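Going by this note's numbering, the letters in the sequence shown line up with residues -2 to 280, in that order. Each residue gets a CB set at the ideal place from its N, CA and C atoms; glycine is no exception. Everything numeric in this text was worked out from a predicted model, so none of it was measured. Okay, structure first, notes after.
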Amino acid sequence: ACVVLVRQSGRAALVLASPRGAGATVVEVCPKTGALLAGERRAFESVEAAERAVGAGLDGVKARHPARACLGIVALGGHAAILLASRTRVGLVLPGGHAVETVTESQWVRLSLSQCPVEQMLLGDELKNFETLLDFPVDAAHFFCETLDVTSPFPGRAGGHAGGPAGGPAGHNREFVWNDWLRHAFVEAGLGEHCQALVQGLAESRKVRDAEERPMGMALVARRSRIHSGTRYLARGLNDGAGCANEVECELLLWVPEEDPRRFRVASCVFRRGSVPVWWGVE
């Protein structure tokens, strides 16, 4: 969980709950560059204590934005925006108790960088491009997991791919991390674990029974590659890195639960599909 607090002066602070239990970290957003000021971060025993500390003093809090997870920050020419997953739905619980959450409601918290030099301010088309970025659809199309890397097939860690970059921070396969650029500030500040890797696709599960009425779990995970994506008129065939257009890695899982929840038998099938790898046109 996280909370974005905006002070009366317009300066913002992020309260980031510890992913490993109690405790919280407060990190300030630089009012000049929009960078996360890792050197000034403070630790508290709880999120509530952290919020009280931020709200103390003359520059009190004027806006509070709580969220299930933080998904990144972008800062460009006097403007900054923080992407939050306000609400999520657990669509899949993988063997071992790893909950995969689909983002059902997101929001951008916009900030004005009051100390940004005038010559760096966005104008005209640049400002329109910034607005276009904030319109990118996130809800009901992306998922993440706090306790397991879901950018690679279960239960392995990430590897490389001919069409894109190899494994990234925290073992993630950056080919499937759609907020990789937005996470950069957190990773650089040593706060990567507080910003979830967002995967575009589907993650759903169902409880089924075999012919002998024994309970089983079944799941489908589909991860869309970000390397060569777009409509068929913009992304065709192969790119320069041999990445297929609109490629999706599909993973079908079937497992039998044991009495001990830490033990399970699992079978999986992983395959990839994409557009026809040839150049073509329409007359």
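W175 - DSSP class collapsed to helix/strand/coil: DSSP places W175 in coil when its eight states are reduced to three.
H169 - DSSP class collapsed to helix/strand/coil: Residue state, collapsed to three classes: coil.
Burial state of R262, where buried means 16 or more other Cβ atoms lie within 10 Å: By the beta-carbon neighbour count (other beta carbons within 10 angstroms, threshold 16), R262 is exposed.
Nearest residue (CA-CA) to G214, options G94, P28, R4, T22: G94
8 Å Cβ cutoff met for P150 and S222: no
Complete runs of the alpha helix (DSSP H) confined to the segment 36 to 94 [at least 4 residues]: 44 to 52
Residues sharing a beta bridge with L251, DSSP: DSSP lists M215, A264 as partners of L251.
T129, enclosing alpha helix (DSSP H) - first and last residue: 121 to 131
Delimiting residues of the beta strand (DSSP E) encompassing K204: 196 to 206
Extent of the continuous beta strand (DSSP E) to which H139 belongs: 139 to 142
Proximal residues to A219 (C-beta, below 6 Å), its chain only, five neighbours per side dropped: G198, L199, V245, C247
Beta-carbon separation (whole angstroms), V147 vs V196, contact threshold 8 Å: 6 Å
Contact belief for C(-1) with A77 at Cβ below 8 Å, rounded distance in angstroms: No, C(-1) and A77 are not in contact; Cβ-Cβ is about 16 Å, not under 8 Å.
V26 - containing beta strand (DSSP E), residue span: For V26, the uninterrupted beta strand (DSSP E) run begins and ends at 21 to 26, by DSSP.
Per-residue burial, N126 [other beta carbons within 10 Å of its own, 16 or more giving buried]: exposed
When P212, V1, H225, A216 are compared against A47, the one with the closest alpha-carbon: V1
Local Cβ density within 10 Å of D132, reported as buried at 16 or more and exposed below that: exposed
Close-in-space but distant-in-sequence residues of the same chain around A216 (CB under 6 Å, 5 per side omitted): L89, S202, L250
CA-to-CA distance, A9 to A53, given in whole angstroms: 14 Å
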